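Sequence lines, in order, name chains A and B. Under the numbering used here, the very last position in the first sequence is 369; numbers go up by exactly one each time. Under the numbering used here, the very last position in the second sequence is 1471; numbers go up by exactly one each time. Positions of the beta carbon are idealized from the N, C-alpha and C atoms, including for glycine. Note that the structure is a prediction, hence the values are computed from the model and not measured. Working notes, beginning with the structure itself.
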Amino acid sequence: MRYAIVEFFDHSELASVRLPETKVKKEVTREKFASFLEWLNPDPDLAGEEYERLRFRLCTFFAQRQCGFADELADETINRVILKSSEEQIENKIAYCYGVARNVYRESLRKERTHLDIDEVTIAAKAPEEQSFSGECLDQCLGKLSPENRNLLLDYFSEAKLAKIQLHRQISARLEMTQTALRMRVMRTKQKLKICVQECMS
Amino acid sequence: MDESVNSEKAIRDYLLGRVSDETTREGFEDRLFTDEEFCSLVALTEDGLLNDYVLGRLNNADAASLQSTLANNPDRRLKLDLTEALRKKALARDIKTSEARPSFFASLQSFFRQPKYVAAFAVLLVAVLISVVYFSRRGNPDELAELRLIYQQARPTETRISQFPYAPLTQLRGAPEAADPNRFRRIENNLIEAAEKKPNAQNHYALGVFYLTQQDYAKAIKEFESALKFADDAKIHNDLGSTYFERAKTKQKEKRPEDLVQSLEEFTIATKLDPNLLEALFNKSLALQELGMSREAKESWVLYLQKDPSSRWADEARKNLSSIETAPLSKSNEQVLSDFLTAYRNQDNGAAQKIHDDTKGLLRDPAVALQLSRRYLIAKQRGDDTDARESLDAMALIGRFEQAEHSEFFFLN
């Protein structure tokens, strides 16, 4: 499903990754993906952040346009950009991605049909049950966070502490940060956790 | 910057799928892909929505909208699952913590088993008791005492503030001189804190007194009125009256009577509640005098001096009494009217205007306009058209004075 994200966080087995059914899937190689990340940002850590940010933009773009499979269209967009970025110089990367996303969106509209031929319809197998976040992976990934970040997340969602109206104010005061900064920190910690859990589950 | 897409509310609507207008949606998308800060705000807003959903803070409509967006946004679904899992973890941790926590009494028992803790506790208890006694005594009384100390050389108001000792009046123009602004700021902060922590008559009253001394009359009135909601006390009425009286002095002559009447009412209430409250009696005399009610003021000063014949306040009372007795307005009302009519008949507008200026003020009995209107009514009742006509014409003259001097049309209407 998530070729690129899994590839980025797990460089071990490209073959085991479930690639999205896109027309450019077969042409995207591990090397090209690595180049794409470098193209986004030469610093590997920052490239990861840039990549997550781009994917968020694309998923939001497609989802808000009521596309049926926003994440697949996001992947399709990224794959096209990966191929293009290895072939030519692109000045404004994010704006370029936006342009490609608009094309992918228009194509997805053309593919939509109001009537289906009965011969084309196949019944999908039952989707494999997704692993629960409350399971092993979550515990494992929470354990990888710093104690401070782990407690921050658990405090933030704590019932007992929520009963105190001032909880989030207290946390922000304790950490000497504004409430917006606290929200930002919670979001980023959750983002790290999400990536870790996805990697664990794959 | 387009404000319609920039607010968190607008972003929430966008993320909840409530933006159907293509141009607006493109506006969001353009910003999302070109503006890093905006992209961060969108991510933060989405995270906030998911947190609020999981914590049950979203209203039904928003929760339903969010749910409807999950079907075609697996990434958001994943984030929501993670947030819900975190919430469960946090709840589980809370339960474990509360189970692991020993009961209060068990903790207490183990604490007192150790002698050194018992001794420390005893010391702490004594310290707490001392603090309680100290803090219950401090607060407003201390701050008021400090204010009295500050104004022991020169008092800030012409009227008497309750329980302030005698000090000569210094004529201040504008706000009081900030000799030690930090000291005043500290007093104010303490008083505000006390009134906020423990809103009662005493604390609001003390803060009101502070504002009165600082010539912040609006705040003083507010605090005294708050204090009166807790206790109908003579001292509070007295100091509220002082505030109105002092505020009247900051206004133009024509606009003073309203505040002066209000102050007189408060002083009168105070003297009724406590007939021996010298401050209120002194102030009432002042208010009567200022309103030009000479006879009543004279009686009030005499009464005051009977109760307080020898203090330095009494010296001021005597001076005031003396000034009333020697004032030109001690002329009878009839004499004032007669003098005015003589000037009018002689077409001596200068003299007529002076008499009018000296006596004008709707609350003053000698006011020429008031006397002329009475004279007109009596003349009409008697059928004396000549006197009625003359009274009207004389009032018209006063109207012309007012129009010329103050653009005031009241007497001409």
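Close partners of CYS234 (chain A) in chain B (Cβ separation under 8 angstroms): ASN1130.
Taking C-beta atoms as the reference points, GLU1281 (chain B) and TYR1269 (chain B) count as a pair closer than 8 angstroms. The beta carbon of PHE223 (chain A) falls within 8 angstroms of a beta carbon belonging to chain B, placing the residue at that interface.
In terms of beta-carbon proximity, ALA1068 (chain B) stays away from the interface with chain A, with every pair separated by 8 angstroms or more. Taking a C-beta distance under 8 angstroms as the contact criterion, GLU1348 (chain B) and LEU1318 (chain B) qualify as a contact pair.
ALA1425 (chain B) is positioned such that its CB atom lies no closer than 8 angstroms to that of ILE1382 (chain B).
Of all residues in the stretch 1072-1100 of chain B, those with a C-beta nearer than 7 angstroms to a C-beta of chain A are TYR1072, GLY1075, ARG1083, GLU1087, LEU1090, PHE1091, THR1092, CYS1097 and VAL1100, reading in chain order.
Considering only B:LYS1311, B:LYS1307 and B:HIS1262, the residue with the shortest C-alpha distance to LYS1287 (chain B) is B:HIS1262. With fewer than 16 other beta carbons inside 10 angstroms of its own, ALA1454 (chain B) counts as exposed. Burial is judged here by how many other beta carbons sit within 10 angstroms of a residue's own beta carbon; GLU1324 (chain B) has at least 16 and is buried.
The alpha carbon of ASN1248 (chain B) has as its nearest neighbour, out of B:GLU1201, B:ALA1410 and B:TYR1209, the alpha carbon of B:GLU1201. When CB distances to chain A are screened at a threshold of 8 angstroms, the residues of the stretch 1118-1149 of chain B falling below it are THR1127, ASN1130, ASN1131, PRO1132, ASP1133, ARG1134, LEU1136, LYS1137, ASP1139, LEU1140, THR1141, GLU1142, ALA1143, LEU1144, ARG1145, LYS1146, LYS1147, ALA1148 and LEU1149, in chain order. In terms of CA proximity to SER1065 (chain B), B:VAL1100 leads the group B:ARG1083, B:THR1092, B:VAL1100 and B:GLN1411.
Beta bridge pairing from DSSP links ARG1213 (chain B) with B:LEU1227. The contact set of ASP238 (chain A) on chain B, defined by CB atoms closer than 8 angstroms, consists of ASN1131, PRO1132 and ASP1133 in chain order. Residues of chain B whose Cβ lies closer than 7 angstroms to the Cβ of THR227 (chain A) are, in chain order, LEU1090 and VAL1100. Proximity of chain A to ASP1105 (chain B) at the Cβ level (cut-off 8 angstroms) is accounted for by ARG350, VAL353, MET354 and LYS357, in chain order. When Cβ-Cβ separations below 8 angstroms define contact, SER325 (chain A) makes contact with chain B. For TYR272 (chain A), no CB of chain B lies under 8 angstroms from its own CB, so it is not counted at the interface with that chain.
Scanning A:LYS361, A:LYS357, A:GLU243 and A:GLU258 for the CA closest to the CA of TYR272 (chain A) turns up A:GLU243. Against ILE261 (chain A), the close residues of chain B are PHE1091 and THR1092, in the order they occur along the chain (beta-carbon pairs closer than 8 angstroms). Scanning chain B for C-beta atoms nearer than 8 angstroms to the C-beta of VAL364 (chain A) yields LEU1140, reported in chain order.
The C-beta of ARG1314 (chain B) has 16 or more other C-beta atoms within 10 Å across all chains shown, which makes the residue buried. Counting only runs of 3+ residues, no beta strand (DSSP E) is found wholly inside the stretch 1374-1452 of chain B. For THR1308 (chain B), there is no enclosing alpha helix (DSSP H), as DSSP marks it with neither H nor E. By the beta-carbon neighbour count (other beta carbons within 10 angstroms, threshold 16), PRO211 (chain A) is exposed. By the rule that beta-carbons nearer than 8 angstroms mark a contact, ARG1241 (chain B) does not touch chain A. Taking a beta-carbon distance threshold of 8 angstroms, TYR265 (chain A) counts as an interface residue toward chain B. For LYS1280 (chain B), the enclosing alpha helix (DSSP H) begins and ends at 1275-1288. Close partners of LEU213 (chain A) in chain B (Cβ separation under 9 angstroms) are lacking, with about 13 angstroms as the shortest Cβ gap. For the C-beta of GLN231 (chain A), the chain B residues within less than 7 angstroms are, from N- to C-terminus, TYR1072, GLY1075 and ARG1083.
For LEU276 (chain A), the nearest beta carbon of chain B is not closer than 8 angstroms to its own beta carbon. Shown here for LEU1108 (chain B): same chain residues with a beta carbon closer than 7 angstroms to its own, the five before and five after excluded, namely LYS1137, LEU1138 and THR1141 in chain order. Following the DSSP letters along the chain, one finds GLU255 (chain A) in no alpha helix (DSSP H), marked with neither H nor E. Not a single CB atom of chain B sits nearer than 8 angstroms to the CB of ARG247 (chain A). Fewer than three Cβ pairs drawn from the stretch 1116-1123 of chain B and the stretch 219-229 of chain A lie within less than 8 angstroms of each other, which leaves the two stretches out of contact.
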